[in-house]
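Written out below as structure tokens is the structure these notes cover.
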Amino acid sequence: MSRDSGFLKDKSFRIAEIFLKKPSRIQALAVIMVLCLFVYSLTEYRLRRKLKEKNEFVLSQVKKPTQNPTLKWILFKFRGVLEFKLRSNNSVVSRIGNMKPELVKIVSLLGAPYENYYF
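According to my numbering, the sequence shown holds residues 19 to 137 in order.
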């Protein structure tokens, strides 16, 4: 198993709790998991590349600057970010809350598609 797929063994992933009998469903789940792993790896690679290009750093789990964070750690940092939907006069306005400066930097480094969602 590659280094990137090591998180599949993590108890929080709960892969052992999925029970499928039909081969077509097992194949479909495998395709979805491969696509998810591809997006995960690509996002981690993109962030690391941008951190190095811009000579930027994020804080690691031990509070030291790093240019090689795992995406699992980055996603953990976003755990407190919330989306608020406010309704007034037949319109809905969406706002993002709890965006700390480091998270703003991460989103900016990842590029326009991420900025469009968060800002």
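In this text, a Cβ means the ideal position worked out from N, Cα and C, and glycines have one as well.
Remember, predicted model here, so these are calculated numbers, not experimental data.
{"Item": "What does a CB cutoff of less than 8 angstroms around F75 pick up in its chain, not counting 5 residues either side in sequence?", "Value": "L69, P83, T84 and Q85"}
{"Item": "Please report the straight-line C-alpha distance between S126 and Y132, rounded to a whole angstrom.", "Value": "7 angstroms"}
{"Item": "Below 8 angstroms, how does it come out for the stretch 40-54 and the stretch 99-106: are there three or more Cβ pairs, yes or no?", "Value": "no"}
{"Item": "I'd like to check one pair, L89 with T61: are the Cβ atoms closer than 7 angstroms?", "Value": "yes"}
{"Item": "What are the boundary residues of the beta strand (DSSP E) that includes S106?", "Value": "L100 to S106"}
{"Item": "Hey, could you find the ends of the alpha helix (DSSP H) V110 is sitting in?", "Value": "Here V110 belongs to no alpha helix (DSSP H); instead the beta strand (DSSP E) covers S109 to G115."}
{"Item": "Roughly how many angstroms lie between the CA atoms of K81 and V110, to the nearest whole one?", "Value": "38 angstroms"}
{"Item": "Using three-state DSSP, classify K80 as helix, strand or coil.", "Value": "A small correction: the amino acid at residue 80 is Val; Lys does not occupy that position in the sequence shown. V80 falls in the coil class under three-state DSSP."}
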